[in-house]
Amino acid sequence: MKQERYLIALDLDGTLLTDNKKISPFNKKIIQQLMEEGHIVVIATGRPHRASIMYYHELGLNTPMVNFNGAFIHHPTDDRWDAVHSPLPNRIAKEIIHTCYQLEVKNILAEIKDDMYLDAYDERIVSFFTNPEETEKITIGSLKNHLKGDPTSIMIQPKEGQLDHIRDYLDQHHASIIEHRQWGVPYDVIEIVKKGVNKATGLQKVAHYFQIPSSNIIAFGDEDNDMEMIQFAGFGIAMGNAIEPLKSVATDVTTSNQEDGVGRYLQQMFQLT
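Position 149 of the sequence shown, counting from 1, maps to 149 under the working numbering, and the rest follow consecutively.
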């Protein structure tokens, strides 16, 4: 392999992480070996900062991070880095929330950077989206009353059978202002961010900062919200457990997140022993 510098972008859930939300020793070893060789590793996730920073530190990263599918691009350890926050207008958020109340969805979650607003308390959601020490940043109760600012993202947890109906509604009424994606892991939820925001826009900013061409970007993903990133990267790699539409646009398909798919692909590509 010629000695060029590559930018390696890693989705978390269903990609780098196993089903029990761990980074396998093999994946960690391969990633850190490539970092030692001078390659750039970044996390690009739908998760907020507070629910991804532990993996950032576990890998020993010192790079910018793409959170909320590109709605918040920042450097966790360097305040001088030019962060980008692209929230939804509060008025539009309230219209969507009002519709969700009319439809009686299961739950609604809104976030403003690291502040979380949850309509109805759910232990599973709280534990997934937070660290124990961050619980003071959670506001529980009616989002119509508590959500005052412009949210970075909104997540809707529909009841069974509602998902397609809600996405059709969002397309009909808000398509010019918002993007919406489905999360398959760990819940079937709909995430809403500002129009034009996706992981590729975040990755483009990071690549420009490091002066790495898109042809030297290797991106791994498994879900709907990875689509633009996989298409933008010179090497867009779908996991073995990825949805079929993502596999169809990917450069290649690796093994699943349970089978060290990230590490196996990188080991072969860079001919690591």
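Beta carbons: idealized from backbone N, C-alpha and C, even for Gly.
Within 7 Å of any Cβ in chain C, is that where the Cβ of Asp222 sits? The structure shown has no chain C; it contains just one protein chain.
Residue of Leu272, Tyr265 and Asn257 minimising C-alpha distance to Lys22: That would be Asn257, whose Cα lies nearest to the Cα of Lys22.
Paired residues, beta bridge with Asp252 - DSSP: DSSP, once it has assigned bridges, lists Ile237 as partnering Asp252.
Lys195 versus Ala71, Glu58, Tyr6 and Thr63, residue with shortest Cα-Cα distance: Looking at the Cα atoms, Ala71 is the closest of the given residues.
Distance, Cα to Cα, Met269 vs Gly263? Those two C-alpha atoms are separated by around 10 Å.
Excluding sequence positions up to five away, which residues of its chain have a Cβ less than 8 Å from the Cβ of Thr254? Phe220, Ile237, Ala238, Met239, Gly240, Gly261, Val262, Arg264 and Tyr265.
Kindly indicate which three-state DSSP category Gly221 falls into: helix, strand or coil? Here Gly221 sits in strand by DSSP.
Taking the beta strand (DSSP E) that Val189 belongs to, which residues open and close that run? According to the DSSP assignment, Val189 belongs to the beta strand (DSSP E) that extends over Val189 to Lys194.
Spatial distance of Met35 from Lys28 (CA atoms): Taking the straight line from one Cα to the other gives about 11 Å.
Could you tell me the alpha carbon to alpha carbon distance between Val84 and Gln162, rounded to whole angstroms? If you take the alpha carbons of Val84 and Gln162, they lie about 33 Å apart.
Thinking C-alpha only, which one of Asn90, Tyr56, Ile43 and Asp78 is nearest Val193? Checking every option, the nearest Cα to that of Val193 belongs to Asn90.
Here's a check: name, in chain order, each residue in its chain whose Cβ is nearer than 6 Å to the Cβ of His74, leaving out the five neighbours to either side. Excluding sequence neighbours, His74 sits near Ala83.
Closest by CA to Leu12, which one among Ile140, Glu104 and Phe128? Among Ile140, Glu104 and Phe128, the Cα nearest to that of Leu12 belongs to Phe128.
Does DSSP put Leu109 in a helix, a strand or coil? In this structure, Leu109 counts as strand in the three-state DSSP scheme.
Based on DSSP bridge pairs, tell me the residues matched to Ser153. In the DSSP output, where bridge partners are listed per residue, Ser153 has Glu111.
Three-state secondary structure assigned by DSSP to Lys2: Note that Lys2 has pLDDT 49, beneath the 50 cutoff, so the model's placement of it is unreliable and the number below is only indicative. Here Lys2 sits in coil by DSSP.
Per DSSP, what kind of secondary structure is Thr139 in: helix, strand or coil? It is a strand residue.
With 16 as the cutoff for other CB atoms within 10 Å, does Ile140 come out buried or exposed? Burial call: exposed.
Is Gln271 helix, strand or coil when you go by DSSP? When secondary structure is reduced to three states using DSSP, Gln271 falls in the coil class, being assigned neither helix nor strand.
Mind checking whether Met155 and Val206 have CB atoms under 7 Å apart? Result no, Cβ atoms of Met155 and Val206 do not sit closer than 7 Å.
By the three-class DSSP mapping on this structure, what secondary structure does Tyr55 have? Helix at Tyr55.
When the distance is taken between beta carbons, is Asn62 closer than 7 Å to Asn198? Asn198 is not a Cβ neighbour of Asn62, given a cutoff of 7 Å.
Given this structure, state the Cα-to-Cα distance separating Ala242 from Ala9, to the nearest angstrom. Cα-Cα distance, rounded: 16 Å.
Do Arg181 and Asn216 come within 7 Å of each other at the CB atom, strictly closer than that value? A distance of 7 Å or more separates the beta carbons of Asn216 and Arg181.
Tell me Trp183's beta-bridge partners as DSSP assigns them. Answer is Val189, bridged to Trp183.
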